[in-house]
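The structure under discussion appears below in the form of structure tokens.
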Amino acid sequence: MKLIWALIRRDLTLATRQGGGAGTAIGFFVTVIVLLPLGLGPDQALLQRIAPGALWIALLLSVLLSAERIFQADYEDGSLDAMALGVVPLELVVLAKAMAHWLTTSLPLAVVAPLFGFLINLDPQDILPLWLAMILGSIFLSLLAALGAAITVALRRGGLLVSLLILPFYVPCLIFGVAASRASELVQPSLLILTALVLASFVLVPVAAAAALRAYLK
Amino acid sequence: MQKFANPARFLKLAETLLPPIWGVTILAFAAGLYMSLVTAPPDYQQGETVRIMFVHVPAAWMALMVYTSMAAASVMAAIFRHPLADMAAKAAAPIGAMFCLLALITGSLWGKPMWGAWWVWDARLTSVFVLLLLYLGYMAVWQAIEDPHRAALIARIVAIAGFINVPIVKFSVDWWNSLHQGASVFRMGGPTIDARMLWPLLIMALAYTLLFVGLLLIAMRSEIAQRKLRQLRLAGIEGR
Amino acid sequence: MVQLQADSLACQRGGRTVFTDVKFTLSSGQLLELRGPNGAGKSSLLRLIAGLGEAVSGQITLTGGNGDLSIGQQAHYAAHQEAIKAPLTVAENLKFWGDFLGGGDMAAALAAFDLKALADYPAALLSAGQKRRLSLARLALVPRLLWLLDEPTVGLDANSLDRLTRLLRGHLSSGGLAVVATHAPLDLIADATLVLGTAR
Numbered sequence: 018m019k020l021i022w023a024l025i026r027r028d029l030t031l032a033t034r035q036g037g038g039a040g041t042a043i044g045f046f047v048t049v050i051v052l053l054p055l056g057l058g059p060d061q062a063l064l065q066r067i068a069p070g071a072l073w074i075a076l077l078l079s080v081l082l083s084a085e086r087i088f089q090a091d092y093e094d095g096s097l098d099a100m101a102l103g104v105v106p107l108e109l110v111v112l113a114k115a116m117a118h119w120l121t122t123s124l125p126l127a128v129v130a131p132l133f134g135f136l137i138n139l140d141p142q143d144i145l146p147l148w149l150a151m152i153l154g155s156i157f158l159s160l161l162a163a164l165g166a167a168i169t170v171a172l173r174r175g176g177l178l179v180s181l182l183i184l185p186f187y188v189p190c191l192i193f194g195v196a197a198s199r200a201s202e203l204v205q206p207s208l209l210i211l212t213a214l215v216l217a218s219f220v221l222v223p224v225a226a227a228a229a230l231r232a233y234l235k
Numbered sequence: 009m010q011k012f013a014n015p016a017r018f019l020k021l022a023e024t025l026l027p028p029i030w031g032v033t034i035l036a037f038a039a040g041l042y043m044s045l046v047t048a049p050p051d052y053q054q055g056e057t058v059r060i061m062f063v064h065v066p067a068a069w070m071a072l073m074v075y076t077s078m079a080a081a082s083v084m085a086a087i088f089r090h091p092l093a094d095m096a097a098k099a100a101a102p103i104g105a106m107f108c109l110l111a112l113i114t115g116s117l118w119g120k121p122m123w124g125a126w127w128v129w130d131a132r133l134t135s136v137f138v139l140l141l142l143y144l145g146y147m148a149v150w151q152a153i154e155d156p157h158r159a160a161l162i163a164r165i166v167a168i169a170g171f172i173n174v175p176i177v178k179f180s181v182d183w184w185n186s187l188h189q190g191a192s193v194f195r196m197g198g199p200t201i202d203a204r205m206l207w208p209l210l211i212m213a214l215a216y217t218l219l220f221v222g223l224l225l226i227a228m229r230s231e232i233a234q235r236k237l238r239q240l241r242l243a244g245i246e247g248r
Numbered sequence: 005m006v007q008l009q010a011d012s013l014a015c016q017r018g019g020r021t022v023f024t025d026v027k028f029t030l031s032s033g034q035l036l037e038l039r040g041p042n043g044a045g046k047s048s049l050l051r052l053i054a055g056l057g058e059a060v061s062g063q064i065t066l067t068g069g070n071g072d073l074s075i076g077q078q079a080h081y082a083a084h085q086e087a088i089k090a091p092l093t094v095a096e097n098l099k100f101w102g103d104f105l106g107g108g109d110m111a112a113a114l115a116a117f118d119l120k121a122l123a124d125y126p127a128a129l130l131s132a133g134q135k136r137r138l139s140l141a142r143l144a145l146v147p148r149l150l151w152l153l154d155e156p157t158v159g160l161d162a163n164s165l166d167r168l169t170r171l172l173r174g175h176l177s178s179g180g181l182a183v184v185a186t187h188a189p190l191d192l193i194a195d196a197t198l199v200l201g202t203a204r
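Chains E, D and R supply the protein sequences, listed in that same order. For the first sequence, our numbering assigns the number 18 to the initial residue and increments by one for each residue that follows. For the second sequence, our numbering assigns the number 9 to the initial residue and increments by one for each residue that follows. For the third sequence, our numbering assigns the number 5 to the initial residue and increments by one for each residue that follows.
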């Protein structure tokens with residue numbers, strides 16, 4: 018556990034020193050949101066209807082944008098080699114990296130995302146359920162992003178492939194996330210399904226991603 | 009099983025199997041199309057449009073079946089290290105994608121007169137569309153990774169992970185109140201479909217399966233040839 | 005008595021056969037030097053020993069080590085890629101690897117390659133040779149039985165080369181093992197030399 022924490026702490030330090038991570042993602046997020054009324058027209062009623070879904074889609078895209086780099090730097094500079102020789106199983110390394118990505122990118126995005134709802138006339142009643150669903154769902158998004166990053170770690174233009182591979186897996190999160198964001202009551206079936214998705218990905222993603230990393234190290 | 013692991017043996021097997029497979033495929037298509045287009049009665053609700061079903065339903069079955077066998081081949085490759093298993097999964101993907109596309113297009117042709125729209129976003133249609141994306145993603149992995157050994161390892165993970173979608177497609181009509189009609193052939197308690205419609209459906213399914221096997225054998229044959237070519241080229245630059 | 009043994013190893017990369025029928029035996033206190041032209045498979049062999057590669061045939065066994073750990077988990081593998089994070093300081097880089105690999109001796113690591121004066125500078129500012137020293141300092145940071153070094157002398161000045169030699173000598177005399185791929189002969193008598201890529 019202490020060893021895992023060392024890795025998470027290193028990634029957090031790196032993210033704060035290098036900057037960019039969350040800031041760029043949030044900037045991208047806001048840009049997507051701003052583009053919507055420009056493309057759809059300023060009809061307030063229409064915008065209010067699509068607001069939760071639009072915020073979710075922008076969240077998915079912003080998380081994906083930063084996914085590619087999760088393992089790439091460590092692969093390129095040989096850190097991943099050394100980590101593979103550590104006493105910590107690669108599965109836990111994946112989990113730690115995914116959590117670091119969540120803390121530095123997805124969580125900040127999920128926290129600020131509903132606040133930008135005012136740009137597209139989000140119903141204030143939706144803010145609280147949207148917040149809860151996004152914070153929960155963002156864990157799933159980071160884990161799956163880590164899987165995509167592991168699958169494409171050594172590919173020069175892996176970014177597009179990550180999107181093609183991972184977006185289909187984001188579909189259930191989008192569907193139940195949006196459903197949970199429209200709720201009149203806070204805890205309801207969609208939120209529970211979202212929780213189930215998070216838990217399942219917690220178990221399955223590290224196994225699959227570690228297998229992919231091993232294939233690249235060989 | 010291990011007996012066919014040897015590519016040379018496999019090639020010989022394919023050589024002998026292919027002509028009869030093509031023969032039966034043509035017969036099955038002829039019989040199936042005749043029955044579905046001529047002898048099957050029009051549906052009392054859907055009229056003649058129901059005939060699209062005989063092309064559409066088996067294609068959708070195949071799309072699921074091919075993905076399932078791809079995932080199964082990937083598991084076999086991971087556990088038994090059978091050298092042809094990865095190749096079979098790789099060769100099956102474009103064929104499965106083709107069936108998937110056929111199911112989507114014919115479904116769309118049927119949807120226009122029946123539902124009044126080419127496409128509706130319900131659970132069944134969406135999950136089949138995701139299936140097509142998974143096929144494309146799987147194929148893209150093989151294309152993106154240079155080293156075939158490494159590509160095989162990664163493709164296995166992608167195929168197995170994507171299998172999650174198969175039960176979702178199958179049961180989407182039961183789990184969600186879908187616009188798409190429910191299962192009427194593969195269901196608990198037996199088929200609920202008239203025999204005059206069931207038979208052409210099954211014969212078309214047989215024809216599709218044979219077509220798949222034939223195409224798969226050809227695709228695997230060309231894959232083996234390509235690998236041989238790569239080996240020869242590598243031997244050519246050895247020590248220069 | 006620890007013994008590292010390789011038997012009829014064969015390795016392929018990208019479908020190309022790199023080497024076949026490699027064998028050697030190495031006991032505690034011994035150094036194996038790998039020689040051979042580019043592409044002969046020196047790096048591949050080191051990765052294979054570390055468990056970062058897959059042999060087509062043959063096997064590598066380590067007897068007398070910690071049976072609960074894999075060979076790789078008892079080894080240091082140092083290659084061209086230095087596993088250094090530019091935004092972190094020299095000390096932070098070492099601290100991370102010390103923590104992650106299960107507790108390290110920072111003072112020894114800093115002393116081994118004379119990095120004390122550089123400890124608080126970000127690694128981004130280091131020269132190529134200094135980065136190399138930082139990368140090799142991992143050897144002194146965490147004690148491990150087997151050292152797998154891929155061209156460790158590249159970019160080192162005479163002084164650092166001397167330190168590396170001393171470090172290696174200390175490692176061997178305390179019962180460690182080392183496999184070193186190098187073009188430049190080390191100022192150390194190798195107990196065995198394995199030349200790859202001659203039989204064609």
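Where a beta carbon is used, it is the ideal one built from N, C-alpha and C, also for glycine.
Buried or exposed (CB count within 10 angstroms, at least 16 for buried), residue i
| i | result |
| --- | --- |
| Q61 of chain E | exposed |
| L177 of chain E | exposed |
| F135 of chain E | exposed |
| T197 of chain R | exposed |
| I34 of chain D | exposed |
| E86 of chain R | buried |
| R174 of chain E | exposed |
| E154 of chain D | exposed |
| G57 of chain R | buried |
| P146 of chain E | buried |
| G38 of chain E | buried |
Residues of its chain near residue i, where Cβ-Cβ distance is below 7 Å and the 5 sequence neighbours each way are ignored
| i | result |
| --- | --- |
| H175 of chain R | W151 and A182 |
| I211 of chain D | A36, A39, G40 and M43 |
| L19 of chain D | R229 and I232 |
| I210 of chain E | F193 |
| R17 of chain R | S48 |
Close beta carbons around residue i, own chain, < 8 Å, minus the five adjacent residues each side
| i | result |
| --- | --- |
| V181 of chain D | A131, R132, H188, Q189, G190 and A191 |
| K120 of chain R | L114 |
| L29 of chain E | A117, L120 and T121 |
| W30 of chain D | G222 |
Contacts around residue i, its chain only, beta-carbon distance under 6 Å, and the 5 residues preceding and following it disregarded
| i | result |
| --- | --- |
| L38 of chain R | K46, A185 and L198 |
| Y233 of chain E | V170 and A171 |
| V63 of chain D | T114 |
CB of residue i within 7 Å of CB of residue j, strictly
| i | j | result |
| --- | --- | --- |
| A67 of chain D | L110 of chain D | yes |
| A227 of chain E | V111 of chain E | yes |
| S198 of chain E | A167 of chain E | no |
| L66 of chain R | L30 of chain R | no |
| A127 of chain R | I88 of chain R | yes |
| V249 of chain D | L139 of chain D | Outside the modelled stretch of chain D, which goes from 9 to 248, sits residue 249 of chain D, for which no answer is possible. |
| L225 of chain D | L26 of chain D | yes |
| V6 of chain R | G69 of chain R | yes |
| E56 of chain D | P49 of chain D | no |
| F117 of chain R | R167 of chain R | yes |
| A44 of chain R | L200 of chain R | yes |
| A15 of chain E | I162 of chain D | Because chain E spans 18 through 235 in this model, residue 15 of chain E falls outside it and cannot be assessed. |
| L144 of chain D | P185 of chain E | no |
| A227 of chain D | A97 of chain D | no |
| G70 of chain E | V215 of chain E | no |
| Y75 of chain D | V136 of chain D | no |
| A84 of chain E | G154 of chain E | no |
Residue i Cβ short of 6 Å to the ligand NAD heavy atom set
| i | result |
| --- | --- |
| L200 of chain R | Absence of the ligand NAD from the depicted structure is noted, as is the absence of any ligand whatsoever, leaving it without description. |
- [ ] Decide yes or no for the touch test of the region 90-98 of chain R against the region 25-44 of chain E: beta carbon pairs closer than 8 Å, at least 3 of them.
- [x] Contact between the region 90-98 of chain R and the region 25-44 of chain E is present: 3 or more CB-CB pairs across the two stretches fall below 8 Å.
TODO: Count the CB pairs spanning the region 64-76 of chain E and the region 121-130 of chain E that are closer than 8 Å, and state whether there are at least three.
DONE: yes
Open item on the list: Would the region 92-103 of chain E count as touching the region 209-223 of chain E if we require 3 or more Cβ pairs under 8 Å?
Closed with: no
Open item on the list: Please identify, using Cβ separations under 8 Å, the residues of the region 108-124 of chain E that lie next to chain R, in order along the chain.
Closed with: Against chain R - using a Cβ distance shorter than 8 Å - the region 108-124 of chain E contributes no residues.
Open item on the list: Between the region 82-97 of chain D and the region 118-127 of chain D, can you find at least three pairs of beta-carbon atoms closer than 8 Å?
Closed with: no
Task: Contacting positions in the region 182-210 of chain E - beta carbon closer than 9 Å to chain D - done: The region 182-210 of chain E vs chain D, Cβ under 9 Å: L182, I183, L184, P185, F186, V188, P189 and I192.
- [ ] With 9 Å as the limit, tell me which residues of the region 145-179 of chain D have their beta carbon closer than that to any beta carbon of chain R; keep them in chain order.
- [x] E154, D155, P156, H157 and R158
Open item on the list: Along the region 168-180 of chain E, where does the CB come closer than 7 Å to a CB of chain D? Name the residues.
Closed with: I168, L172 and L178
Task: Contacting positions in the region 206-238 of chain D - beta carbon closer than 7 Å to chain R - done: Taking 7 Å as the cut-off between beta carbons, the residues of the region 206-238 of chain D near chain R are R238, in sequence order.
Task: Chain-ordered residues of the region 26-56 of chain E with a beta carbon less than 7 Å from chain R - done: R27, T30, L31, R34 and Q35
Task: Members of the region 26-51 of chain R that neighbour chain D once the beta carbon cut-off is set at 7 Å - done: none
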